[in-house]
Amino acid sequence: MSVLNLKNVTYAYKNTSKPAVSGISCEFEAGKVYAIVGPSGSGKSTMLSMLAGLDLPTEGEIDFDGENIAGLDLDRYRRENISMIFQAFHLFPLLTVMENVCFPMELCGVHPKDARPRAEALLEGVGITKEQMGRFPSKLSGGERQRVAIARSLASSARVILADEPTGNLDSANTQNIIEILVSLAHEKGYCVIIVTHDSEVADAADFAFRMRDGSISPC
Ligand SMILES: Nc1ncnc2c1ncn2[C@@H]1O[C@H](COP(=O)(O)OP(=O)(O)O)[C@@H](O)[C@H]1O
Ligand SMILES: [Mg+2]
């Protein structure tokens, strides 16, 4: 069964003449990487924000594990099921790398004693060294920062990773590295990874690539 199933989803912002997303039906499965490409203004961010439960479709429905998310507590849906990764990393600048990963876990009630070893394992999993774990994010390269952001996103129980231009600020070697990590999270750990991207390298590495145009989606 698909993790996320969009059924004829439309989203129209208030006071606009044309919907930003229009009649989209598609499914996203666990263990797969999806890329969504398309020109600016084609509806990619609107689509991600609905998948994240930040906005509900104005028509149609989105099912998560077979249940319409419109009927769920959306704060809880987001917290428990969705991880987001951004182009600008969004790390806390005044926390160390280790604290960046521990902090959200502690907010969710994990005891600091348990959070630390778990954070260390997650950071090691994305190739961050013990020495780097003690640094502030400003003392890391862009690629390292994105890897920390990925480790942090894995600290929750979420099985869906939504990434908005995760390689937009990275050079080609780091892009390749982030792609490998996201692909292995899907193929080896079973995450459902959905990436909005301008990057053809990312789209090529995905299991499925979709193109958005004027609010509609088609395979590419
Ligand atoms: N808050 C908003 N209010 C009104 N229109 C919006 C808003 N956000 C986005 N739009 C419009 O919706 C369309 C799709 O935007 P968006 O989803 O951001 O596209 P993309 O991420 O592909 O660039 C665009 O025409 C944009 O101008
Ligand atoms: Mg956008």
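Under the numbering used here, read the sequence shown as residues 4 to 223, first letter to last.
By construction, the Cβ of each residue, glycine as well, lies at the ideal position given by its N, Cα and C atoms.
As the structure is a computational prediction, the values presented were derived from the model and not from experiment.
Check                                                                                                                                                     : Outcome
Assuming Ile72 and Gly56 make a contact with CB atoms under 8 angstroms, what is their CB distance in whole Å?                                            : 6 angstroms
With the cut-off set at 7 angstroms, would you say Val163 and Ile85 are in Cβ contact?                                                                    : yes
Please tell me whether, using a cut-off of 6 angstroms, the distance from the CB of Ala212 to the nearest non-hydrogen atom of ligand 1 is below it.      : no
Curious, which full-length alpha helix (DSSP H) runs of at least 4 residues does the region 95-162 contain?                                               : 100-110, 115-128, 133-136 and 145-156
Would you call the region 143-157 and the region 67-81 touching, i.e. three or more CB-CB distances under 8 angstroms?                                    : no
Return helix, strand or coil for Leu9, following the three-state DSSP convention.                                                                         : strand
Exposed or buried, what is Glu127 when buried is set at 16 or more other beta-carbons lying within 10 Å of its beta-carbon?                               : exposed
Mind listing, in chain order, the residues whose beta carbon lies closer than 6 angstroms to a non-hydrogen atom of ligand 2?                             : Lys47 and Ser48
Look up Met87 in the DSSP assignment and give the residues it is bridged to.                                                                              : Leu165
Tell me whether Tyr16 counts as near ligand 1, meaning its Cβ is closer than 6 angstroms to at least one heavy atom of that ligand.                       : yes
Following a CB-centred definition, is Ser45 positioned closer than 6 angstroms to any heavy atom of ligand 1?                                             : yes
Specify, as a first and last residue, the run of the beta strand (DSSP E) that Ala38 falls within.                                                        : Val36 to Val40
Within 10 angstroms of its Cβ, does Lys192 collect 16 or more other Cβ (buried), or is it exposed?                                                        : exposed
In its own chain, which residues sit with a C-beta less than 6 angstroms from the C-beta of Asn11, not counting the 5 before and 5 after it?              : Gly26, Ser28 and Gly63
Would Val104 and Ala158 qualify as a contact pair, given that the criterion is a beta-carbon distance under 7 angstroms?                                  : yes
Exposed or buried, what is Asn8 when buried is set at 16 or more other beta-carbons lying within 10 Å of its beta-carbon?                                 : buried
Quick check on the DSSP output: the beta strand (DSSP E) that includes Ile72 runs from which residue to which?                                            : Looking at the DSSP string, Ile72 is not in any beta strand (DSSP E), and its letter there is neither H nor E.
In chain order, what residues of the same chain lie with their CB nearer than 7 angstroms to the CB of Ser5, ignoring the 5 residues before and after it? : Glu30, Phe31 and Glu32
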